[in-house]
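Asker: Dropping a structure here in structure tokens format, bear with me for questions.
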Amino acid sequence: MCWDNALAESFFATYKLELIDRTSWATRPAARTATVRWIEAIYNRQRRHSAIDMLSPVNYEDRYWNHHKAA
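Taken in order, the sequence shown gives residues 256 to 326; the numbers are from my numbering.
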């Protein structure tokens with residue numbers, strides 16, 4: 256069992272740096288909507304991740320499928 260929360264700390268540090276510290280919202284629902292959009296559009300799809308050779312998840316998936324088609 257893992258007792259540290261390094262992954263969560265890394266995520267929230269990135270979230271704070273890339274979204275929270277750069278923007279202010281008039282309402283909580285607006286902030287919530289911006290958060291969901293950031294996670295889905297940027298963090299999960301475009302942002303490069305060290306765990307997958309500094310590729311974006313989309314690029315990593317493309318590379319994976321291209322490699323497996325050739326095999």
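The C-beta atom is built at its ideal place from N, Cα and C for all residues, glycine as well.
I'd like to know whether the C-beta atoms of arginine 300 and valine 313 end up nearer to each other than 8 Å.
Answerer: Against a cut-off of 8 Å, the Cβ pair of valine 313 and arginine 300 comes out as a contact.
Asker: I'd like to check one pair, tryptophan 293 with leucine 310: are the Cβ atoms closer than 8 Å?
Answerer: No.
Asker: In whole angstroms, give me the CA-to-CA distance for serine 265 and aspartate 276.
Answerer: Roughly 15 Å separates the two Cα atoms.
Asker: Between asparagine 321 and alanine 281, what straight-line distance do the alpha-carbon atoms span, to the nearest angstrom?
Answerer: Going by the C-alpha atoms only, they are around 45 Å apart.
Asker: Does DSSP put leucine 274 in a helix, a strand or coil?
Answerer: Note: leucine 274 maps to coil in three-state DSSP.
Asker: Where alanine 289 and alanine 325 are concerned, what is the direct C-alpha to C-alpha distance, given to the nearest angstrom?
Answerer: Alanine 289 and alanine 325: Cα-Cα distance of roughly 39 Å.
Asker: Can you tell me where the alpha helix (DSSP H) with tyrosine 319 in it begins and where it stops?
Answerer: Looking at the DSSP string, the run of the alpha helix (DSSP H) that includes tyrosine 319 is 312-325.
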